[in-house]
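Below is one structure, written out as structure tokens, with a few remarks after it.
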Amino acid sequence: MAVKIRKSRELSSSRASTGPIVGRSPKQIAWTRFKRNKVGVVSAIISVGVIVLSLLAPIVTRIIGVDPNTLHLDVLDVTGVPTLPHAGISMAHPLGLIPGTGRDLLAQLLYGSRISFMVAILTTSLTLFIGLVLGIVGGYFRGRVDAVLGRITDFLLSFPAFFMIVALSTPMVDRIQQTGIAKGNGARIVFLVFFLSFFGWPYFSRLIRSQAMSLRERDFVTAAQAMGSSNRRIIFRELLPNLWAPVIVFVSLSLPGYLAAESVFSFLGLGIQPPASTWGILLSNATRFVTTMPQFFIIVAGSLVLVVLAFNLTGDALRDALDPRNDR
Amino acid sequence: MTSLLEISNLRVSFPTDDGDVHAVDNLSLTLNAGETVAIVGESGSGKTVTSLSVMGLHNPRSTKLSGSIKIPDGDQVIDVVNDDAEKVRNMRGRVMSMIFQDPMSSLHPYFRIGKQLAEAYLVHNPGKKEEARKRTVEMLDLVGIPEPAKRAKDYPHQFSGGMRQRVMIAMALMNTPRVLIADEPTTALDVTVQAQILTLMQGIQKEFNMGILLITHDLGVVAAIADRVSVMYAGNIVEQGSADDIFYRPMAPYTVGLLNSVPKITYGEKQRLQSIAGQPPSLINLPSGCAFSPRCTYIENAPAGSCAATLPDLVGVSSSHVSRCHIPESDRPQVFSHVAGGK
Amino acid sequence: MSTETALFSIQNLTKHFPVKKSGVFNNQKALVKAVDGISLDIAEGETVGIVGESGCGKTTAGRSFLKLIEPTSGKIIYKGEDITNLKPGKMRPLRAELQIIFQDPYSALNPRQTIGNIISAPFEIQGITPDGGVKKEVQRLMERVGLNPEHFNRYPHEFSGGQRQRIGIARAIALKPKFVVADEPVSALDVSIQAQVINLLEDLKREDGITIVFIAHDLSVVQHISDRVVVMYLGKIMEISDSNNLYSAPRHPYTKALLSAVPQADPHIERTRERIILSGDLPSPMNPPSGCVFSTRCWKAQDICHSKTPEMVQVGQSQVACHFPE
Amino acid sequence: SVSASAATKKLTPQTGGTLTFLTHSPRLDHLDPTRIYTGRDLAFETAYFVRTLVSFKHVAGPTSTSLVPDLATNTGVPSNSAKQWRFTLRPGSKFQDGKDITCADVKYGVSRVFDQTVLGDGPTYMINWLDIPVDKSGSSIYQGPFSSSAAGIAAFDKAVICSADNRTITFKLGMSVGDFNYLLTYPVVSPVQKAHDLGDKYDLSPEATGPYMIKENTSAHLMLVRNPNWNKSSDPIRTPYPDQILLNYGLDQQVQDQIILSDSVPNAMSFDAPLPTNLKAFFESSSFKGGKLNEDTAFVGYIAFNVKKMPCLQIRAAMYYARNAKALLDYAGGPTYNGSYTTSLTSPLNTVDYAANGVWGPPNPDWKPEGNVAKAQALMDEAKTACPSEYKRVTTTGVTIDVRQSSTLTDTIPINKAAFARVGIVVNYNPISAGYYPTVMNASKQNDLSNSGWSQDWPNASTVIPPLYTPEGGFDLSQNTGEAIYPAFHAAVLKAIGTSNRAAQAAQWKALDKQAAAQFWVLPTLGIKTQVVWGTGVQGAYYWLPQGEPDYAKLWVTK
Amino acid sequence: MLTFVSRRLVYAAITLLIVSMAVYAIFAILPFDPAALTCGQHCTPLVIRANRIKLGFDKPLWEQYWMFLHGIFAGRTYGVGSAAFHCPAPAFGYSFNDNMCVTELLQQKLPITLSVAIGALILWLIVGVGLGILAARFKGRWPDTASSVFVLFGTSLPVFVTGLFLLIWVSIKWKIIPISFLGYVSVFSDPIGFVKLFILPWITLAFAFAALYTRFTRASILETLGEDYIRTARAKGLSEKKVLRIHTFRAALAPIVTLASLDFAGLIGGAILTETIFNLPGIGQWTLRSVYEFNLPVVVCTTILAAGVVIIMNLIVDMLYAVLDPRVRI
Ligand SMILES: Nc1ncnc2c1ncn2[C@@H]1O[C@H](COP(=O)(O)OP(=O)(O)OP(=O)(O)O)[C@@H](O)[C@H]1O
Ligand SMILES: Nc1ncnc2c1ncn2[C@@H]1O[C@H](COP(=O)(O)OP(=O)(O)OP(=O)(O)O)[C@@H](O)[C@H]1O
Ligand SMILES: [Mg+2]
Ligand SMILES: [Mg+2]
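Respectively, the protein sequence lines represent chains A, B, C, D and E. By the working numbering, the letter at position 186 of the first sequence is numbered 186, and the numbering carries on one by one without gaps. By the working numbering, the letter at position 214 of the second sequence is numbered 542, and the numbering carries on one by one without gaps. By the working numbering, the letter at position 247 of the third sequence is numbered 918, and the numbering carries on one by one without gaps. By the working numbering, the letter at position 467 of the fourth sequence is numbered 1464, and the numbering carries on one by one without gaps. By the working numbering, the letter at position 112 of the fifth sequence is numbered 1668, and the numbering carries on one by one without gaps.
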């Protein structure tokens, strides 16, 4: 019989398929994986929702019809607790009134979140920027620059950061005011953002550095060098796109961290000061009423916990979805 | 010859999010004393899964196993697949032992070599510390570690790759098992070291009259030490026979393709390699019929449409040489006539 | 062949990596002599194979050829020009002609870029616009290496190892290089796929006349594809031989041992052959043996071997560095 | 306005047990007699371990502001138109170590206040009053016992004289001070043994002269136990019932209140007023079984204008009228708990010197509790032409108020902002968390306004008007010395101090108070009320007017 | 080993020196006069000047710093004349608010902070590692789910929320663990009183940290279980229990030891919130208070102390690691 041999070129890879994942970028795959995680999706929606609400606080409060500054002194008893039923929770004041001044709690929460988020977002951005730049510089160029950066990182990491920020708060805020960069709460925000990032970037930069170092050893970087690529192009085209995963995870986990940090410093009286409103200030205010009007404390603490939880869960879900081990 | 190991109709699959991964599909195999049986196949064909099944090392909660793996232990015969896990555990390291592909990561980095070896002995001989120590030194000596008593006090990272693989072999031999499973024992090693290990394994087999189940993708290694060979493709055995049968009288297109793909050290004019086109299939959505059919160069010689329709049976010229193919057996020698190494 | 007529030539190339040994108040520096004085002339269109055990310096040598690793000393001459100390800016145009293919098809491709981007990168970097535009040329290249050109917009993870290796090859040949270092391009691949890639490389070599340095630890693969074979051990060249000649007449004891150790896919050969089993392991490149580096494992070693480094000598059709060549 | 809320049952006092005090303060200000100055410390420490030569009467009601002898046998014998005062010591009084208290010890005690560099914070009247010359820079030539020149020592020895029997002490003053003996209620004139003086360190463990002595003084608590060398016969004042006094520092205020509310520690008395949020639970709920006091104090709150930065009288007045006093009074308490509108810088509790000045508060028809917006607006309109640049600043960038950081700022700042906004005045706040007074007392650091408060040292406006309105007292935050009327005002103050006729003096103080009020050098806020609460085990508590605290000397516990 | 330690000690000393200089420099550029803060309301320029001299603020900065360093080793005398007093070495300064040498105060505060930190450490290790092991052991089943809920709340609830809840409700309202007024008692003199005093702070801190450790332990164990050498252990015929106990834990817990040591070091200065809420006069509360009061010598001292503990702990961790993991050579 005739022996028939098929030509190998005729074989397309159509049947010898590469699995069901066809035509999707790593981002899309991560997204698909993320979408499968119900808890993560809900948390992400909450997180984004909260940020949007806080950014749009003036509009939102106007729509709901609440105002953060209107005092309702007339409905307070001698101890400052609203005398209305359900502590003032009503259609007009969905979360009730704040004891002491009778301001609307929802509006205050929304406005209060703005500074809290501002601090968290600014700190995260600054940390991200410093960490990314120094991490890539150290990891990619190595050599002496890296050695120096490494020493500085080690040095900073051996500081008890929280402690240092507490210890430095008063003198540094005064110093900032004196230099005229900012006054009052501006100076306090500058202080918090600057020092939280100052002690925060080494952690992130280490992560990025190790990633950059391992990426640098990957052959695609050598390939780019072999093609005559400039360092600039390698950093921006080859390294950075591969650093998105740690960046996104870092952002989603450091936002709640810094949000909580701001509230702790305000709670201790070292952060932003009244009359500005932040979640930390609301919380420390709420502790005064924890027995006489527990719902105030529960709503404020609950909001903080909810937001931190939502961000953390989003971060976890993102981490799972972007896990480099699932990358291939 | 008594059979030390009898695998029949073994099926292993792993449920995953994307569907079940059918890693091993209906595999049967026997291993006799003093014999080396090799399983060859490409990456992902299910070799390691088979060897772990024999050891009973799959996680029962994430693995679906069926069929049977019978291993005699004294007067009784234990079925690794269906018997009590505790019984199987009791046999591990005593009746059957295993050496793994990567000697670098297979030893615990935190414990001294001696302790790890002695432990293997003590599991099955509780309390006999002194004997364990003696045997450790003995075995290290046997596998060719110089100054064994001294080296037993070292940690794994103080050994080179080849030495570590020797240690792994020594550990596998601590209780003089009858079945030794070697999963790619030399893949991570250099050729010169590989030669040392292969020679060592052959020597040990003679000494203990063990049955060795050798798992590898290197046809050279198979040719060097295997008595019988099973060729696997996508979880299936496509051909089984003596080493000579497989290398000189291959009956399955995949075996032929494999043999043709291997470059050989030759004098003079070099022939172009005959590669197998395409890629191995996904184990989740196996092609219908014969899993190899999409890549098969000889498909036109089979009855039209049969390859894509049904999986051929494992039948053969003789009971010891069987293969899977729809091409009529009588046609095959002619079809495969250009096999390079054929004699 | 002389350096003048060679397309590519290296002279006495060394690469020593400084490594830190954690000392007390000072960090003692130790040197890994990864490549220790190798010389080689490669003619245009020739394929030179480099074999040796893991860690003997193959990769380091290959990358030094292309100045992806700055050599410690020695000379690299390409087309008669000394490129050893060329500044990166001057080097850039040359990079189009000197290319590399990698061992690991996973790490060689940026997982965040499409195949199209990966293969078109050389054009972008070198600022070259081929006839008919980049996209068309990329698709032509994809077809050339046996990939479906429609997969232009896919990402590396959607391809199998063999396909990825083809992508890497397509990228390497995009600018029609003269000289390609293939660093173990098939080691990570299964036999069946390995054959596909070897065939592809052979086609390229034949059709485009590319000069290839083919690095592998698998002697049979190297011998199959190369015109000449270089055997390395501990950063040094032991033997350079015509590839056909190597098997029939190995001159260096190490080559001999290597050849005898490589198992062949043929039970008859295996059953009948005498295996030379080398004792011990590769010594550390941080502190290589004095004299002939192979002397510690050589069954023919005599006193001179331990004290004097052998010179490269011509024996038959081979050059060999041994005091007692066969 | 003493509300009779102290439900003290007529029970026989019992001896023994531990009386516990709870405070959120980290410590008492001072234990060293020379340095004790704040009301609560005075009440507490003089009740237990520091005796003074003279004391206020330990009884409930207004008669308590009269003097009775303590270590001395009399309340002082003035001579030479009150330029010389003589006191005789009571026999049998001993130090903790058993040594008799002598005139030399008192004299040594007096000498210590002169070294302000080592022993600051105490009342410094003695330095101004004793007949000791001053040097060119105006400081006394006597520098205290630690580092004095021979001339200084000689001058001091001439001013403070012990009799031969070491029992009678004579003070020679540089001017007439009719109420000099009131100063002797302060431990700054208590005996200290020279041999035991540790300077700065004496503050940690001063030697007791009272019925209790310090056993432990840690950062967590102060523990007092009975002083074996004190005997009842030599002390007409104190009734030391409990065996032990324990003062716990640093509690969270909420926790502190909850402990008393739930009567977790029946023998505990809160050293601080309860949180405003808990007032209802303490005072209006039947579930609280412990004791409570709700009383007026002599403490007057005010916000000092930095007149140098705010020279425009109209604006200062406008701020006064714009302020919403009612909201602030109602905030956490109202008149019941929070206090009353200020009508004079002198407390109404000082019945001799007090009179509503007619500018501040109710007698002024223009004044309205929630603010007189119309009047304030009119003043602002005036200011627009009278002081345009200041007007512009106040209504645009605004004025800045220094405040000490506190938890109630979250509430009071919005209330104030809203009130001032009614007439277009913008207020900013500068909360200061550390070193409030050193900051605001520094003229270059002080902002437009600085929040403060003052309480008389004893019932005489001489301890109010001079310290607050003239630099002599060292507490003049209003920077008013540049004002046109100031020289005349200052002269009148000096004259009033020297006036020994009490009625005539009172008339002068009233006039001065009114004059200052019209200038709005300060913005008065509230006369403050205080609340004290304690557990069911504490007995014998009543409000003691002199220091505005419970009379600690009379407390006992039911174990 | 010895050389490693001495080398690291030198490094630690240099780091501490830089820390102390940095802290000094920061306070030196302060916009106001530290001497002014040493006296209360009645501050006359004379007093401020005297205090400045007493505390050495009149000297140039480098000299002040030198006196500070010198004081650490040789003790330091403050004030002049018969009112002078001496703080014996190691003298970190003098706290004018407490009228005590900082070192003396430190001796009072340190046991409290150590009690808080050690107790919390033990509790959170037991709970965190225990839950982590359970979660890893029963991966995907209910103990795993339950522990992840715990982890979420533990990591999201701020310490002051947990602490206040425990204090107000558990301690005061429900009187489950009544509040203690004994002040600090040592474990040795009154173990029950000691536990009563510290149990709530321990729970508060442990709740936050245990969550972290549960998560970390679980991940670490699961990762170790996937190692090849675990498969080797199973292949020897070891029972699953032994595989876990002997082969998995040691490898999985090594990084936890590191983490725990560093967290512990952080607590020496960092239990600020907990100490504040529960009114424990330890280092954290002391620092916070000193920050409020602007008590510079204390802040300088505690900052250096806290950094020192972290640095020394880092050194210990590295040594521990070398003990735990034979691959690590030091
Ligand atoms: N626990 C598991 N869960 C899911 N899939 C698995 C699991 N273990 C193995 N597999 C899959 O089963 C298939 C066979 O794997 P196996 O390890 O047996 O291949 P192999 O022949 O040993 O290959 P190699 O030569 O690469 O070692 C592979 O596709 C692998 O991905
Ligand atoms: N960047 C480096 N720093 C220090 N040592 C290095 C470096 N790169 C390689 N080496 C060492 O140099 C020697 C040669 O390495 P090289 O990678 O060239 O070997 P190879 O022959 O390619 O080995 P393989 O077959 O494993 O790829 C090895 O001992 C290696 O450890
Ligand atoms: Mg395998
Ligand atoms: Mg290599």
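Backbone N, C-alpha and C fix where the C-beta goes; we use that ideal spot for every residue, glycine too. Since the model is a prediction, treat every value here as computed from it, not as a measurement.
- Chain-order list of chain A residues neighbouring E:L1778: empty, with the shortest C-beta distance near 12 Å, by a criterion of under 8 Å.
- If only complete runs of 3 or more residues are kept, the segment 791 to 846 of chain C shows no beta strand (DSSP E) anywhere.
- Straight-line spacing of the CA atoms in D:V1370 and D:W1364 works out to 10 Å.
- Only residues of its own chain outside the window of five on either side were considered, and among them P1030, T1031, D1102, Y1105, G1106, R1109, Y1199, P1203 and E1204 have a CB closer than 8 Å to the CB of D:V1189, listed in chain order.
- In terms of Cβ geometry, D:Q1253 and D:D1269 form a close pair [threshold 9 Å].
- Collapsing the DSSP output to three states places E:W1680 in a helix.
- Taking a contact to require three or more Cβ pairs closer than 8 Å, the segment 115 to 133 of chain A and the segment 191 to 200 of chain A qualify as touching.
- Spanning the alpha carbons of D:A1353 and D:S1341 requires a straight line of approximately 5 Å.
- Look at which beta carbons fall closer than 5 Å to any heavy atom of ligand 1; those residues are B:F342, B:V349, B:A351, B:S371, B:G372, B:S373, B:G374, B:K375, B:T376, B:V377 and B:L611.
- For the segment 1010 to 1065 of chain D, the continuous alpha helix (DSSP H) assignments of 4+ residues that do not extend past its boundaries occur at 1036 to 1045, in sequence order.
- Burial is judged here by how many other beta carbons sit within 10 angstroms of a residue's own beta carbon; E:L1573 has fewer than 16 and is exposed.
- Using a cutoff of 8 Å, the CB of B:D518 does not count as near ligand 4, since none of the ligand's heavy atoms is closer than that.
- Contact between C:L711 and A:F220 does not hold, since the beta-carbon distance rounds to 27 Å and is not under 8 Å.
- Taking the Cα of B:C624 as reference, the smallest distance to any Cα among B:I604, B:T378 and B:A516 is reached at B:I604.
- Non-local beta-carbon contacts of A:G88 in its own chain, meaning distances under 6 Å to residues more than five positions away in sequence, involve P82, G96 and L97 in chain order.
- With its beta carbon at least 9 Å from every one in chain E, D:Y1139 lies outside the interface.
- Interface annotation, E:A1789: in contact with chain B, CB-CB separation under 9 Å.
- The three-state reading of DSSP puts B:K592 in coil, since its state is none of H, G, I, E or B.
- For A:S54, the number of other beta carbons within 10 angstroms of its own is at least 16, and it is reported as buried.
- In the displayed model, C:V991 falls within a strand according to three-state DSSP.
- Across the segment 1210 to 1241 of chain D, CB contacts with chain E closer than 7 Å involve T1215, S1216, A1217 and H1218, in sequence order along the chain.
- Relative to the Cα of B:N564, the nearest Cα in the group B:L642, B:I593, B:M424 and B:G442 belongs to B:L642.
- Not one heavy atom of ligand 2 sits closer than 8 Å to the Cβ of C:I771.
- A check of alpha carbon separations from B:Y626 across B:S665, B:E475 and B:L385 identifies B:S665 as the nearest.
- Beta bridge pairing from DSSP links B:E567 with B:V559 and B:S651.
- The beta carbon of A:A120 does not come within 9 Å of any beta carbon belonging to chain E, so the residue lies off that interface.
- Listed along chain B are R417, R420, G421, E447, A448 and V451, each with a C-beta nearer than 9 Å to that of E:L1794.
- Straight-line spacing of the CA atoms in A:R216 and C:Y826 works out to 20 Å.
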